[in-house]
Ligand code: SF4
């Protein structure tokens with residue numbers, strides 16, 4: 615049996631920088647992170663072990679300094695938080711900031727805002743909470759329910775698969791041929807790289823293991839993408855979730871991971887796959 619790794623996988627720079635900022639800050643002062651910095655239990659436990667608090671709401675923050683995660687937040691939420699006398703550190707990923715700025719520009723120019731993404735995802739809430747009106751679409755049925763507007767301005771949650779986003783923009787154009795539809799591609803480069811690499815990986819493997827938190831949107835999208843090209847795809851959070859029977863009658867196992875999965879968890883999963891197969895396996899990179 616052989617293990618191959620996706621060419622691009624695991625933690626992105628946005629998440630790494632946010633974790634580094636949290637760890638650096640807590641050396642100087644007590645810190646509360648607002649919301650889940652990453653959707654990964656292993657990373658969250660490590661942060662808690664360093665004394666970092668996590669609160670879902672500013673009202674529950676037990677420290678004077680709080681940190682907004684890489685997913686970003688709306689201006690309204692930032693102001694409310696500062697209004698409580700809290701010192702706000704921003705770990706918003708620069709590529710999420712690009713999505714915010716793109717959306718603001720479209721609205722300023724008179725386009726009706728449409729966001730391709732998950733309505734209740736923290737990043738999408740951050741993008742929409744300052745708007746008076748907007749729609750969020752995730753599938754064709756959402757596009758079918760939209761009302762006609764003279765001009766639609768579309769952006770996407772940074773972790774949506776770009777093919778799906780383009781397909782929905784196409785549907786929007788078909789549904790409202792009289793409307794002007796301007797689309798700004800805000801899907802981030804690390805997401806695109808991981809998605810493309812997952813396709814290449816799944817094409818070559820009998821089994822694909824996707825590592826990431828169960829609540830991680832980009833991990834779930836990787837599972838979906840791999841499932842189009844490989845019939846045996848398994849989503850695990852850690853090595854403990856692996857099962858021996860997945861690897862019987864298997865020649866090639868592929869490994870990929872979402873953008874909040876640390877390298878240590880990926881390495882542990884690869885090692886455990888080798889143990890289950892009864893061999894020491896060195897992963898090759900899928901190209
Ligand atoms: S997934 Fe993309 S947008 Fe989100 S933190 Fe990572 S690099 Fe930034």
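In our numbering, the protein residues as written are 615 to 901. Where is the CB? At the ideal position from N, CA and C, for every residue including glycine. These numbers come from a predicted model, not from an experiment.
- For ligand 1, a non-hydrogen atom lies closer than 6 Å to the CB of residue 684.
- Counting along the chain, residue 741 sits inside the alpha helix (DSSP H) bounded by residues 736 to 742.
- If you check the CB distance, residue 677 and residue 649 do not come in under 7 Å.
- In the displayed model, residue 885 falls within a helix according to three-state DSSP.
- For residue 645, the enclosing beta strand (DSSP E) has its first and last residue at 645 to 648.
- Residue 899 sits exposed, since fewer than 16 C-beta atoms from the chains shown fall within 10 Å of its C-beta.
- Here residue 622 has 807, 808 and 811 as same chain residues with Cβ atoms under 6 Å from its own Cβ, once five neighbours each way along the sequence are excluded.
- Listed in chain order, the non-local C-beta contacts of residue 866 below 7 Å within the same chain comprise 616, 618, 818, 819 and 820, local neighbours out to five positions each way being set aside.
- Contact fails between the segment 789 to 807 and the segment 853 to 862, because fewer than three Cβ pairs, one in each stretch, are under 8 Å apart.
- Judged by the Cβ position, residue 644 fails to qualify as a neighbour of ligand 1 at the 6 Å threshold, every heavy atom of the ligand being at least this far.
- Taking a C-beta distance under 7 Å as the contact criterion, residue 757 and residue 720 do not qualify as a contact pair.
- Three or more Cβ pairs drawn from the segment 628 to 636 and the segment 698 to 706 lie within less than 8 Å of each other, which places the two stretches in contact.
- Distance from the C-beta of residue 628 to the nearest heavy atom of ligand 1 is below 6 Å.
- Each residue's CA atom was taken as its position, placing residue 766 and residue 726 some 5 Å apart.
- Listed in chain order, the non-local C-beta contacts of residue 716 below 8 Å within the same chain comprise 769, 798 and 800, local neighbours out to five positions each way being set aside.
- Assignment of beta-bridge partners to residue 730 by DSSP yields 751 and 770.
- From the listed residues 698, 759, 701 and 658, the smallest Cα separation to residue 728 is found for 759.
- The three-state reading of DSSP puts residue 869 in strand, counting E and B together.
- Shown here, residue 664 sits in coil according to DSSP, grouped into three states, outside any helix or strand.
- Note that the C-beta distance between residue 668 and residue 874 is not below 7 Å.
- In terms of Cα proximity to residue 754, the closest of 739, 780 and 652 is 780.
- In the DSSP assignment, residue 619 falls within the unbroken beta strand (DSSP E) covering 616 to 619.
- Under DSSP, residue 681 forms a beta bridge with 647 and 703.
- For residue 797, the enclosing beta strand (DSSP E) has its first and last residue at 794 to 797.
- The beta carbon of residue 744 lies closer than 7 Å to those of 688, 689 and 690 in the same chain, with the five residues before and after it left out.
- Contact check for residue 827 and residue 655: beta-carbon distance about 6 Å, within the 8 Å limit, so the pair qualifies.
- Counting along the chain, the unbroken alpha helix (DSSP H) around residue 837 starts and ends at 831 to 843.
- Beta bridge pairing from DSSP links residue 765 with 794.
- Residue 629 carries a helical assignment under DSSP once its states are collapsed to helix, strand and coil.
- Proximity to residue 700 across 838, 794 and 675 peaks at 675, based on C-alpha coordinates.
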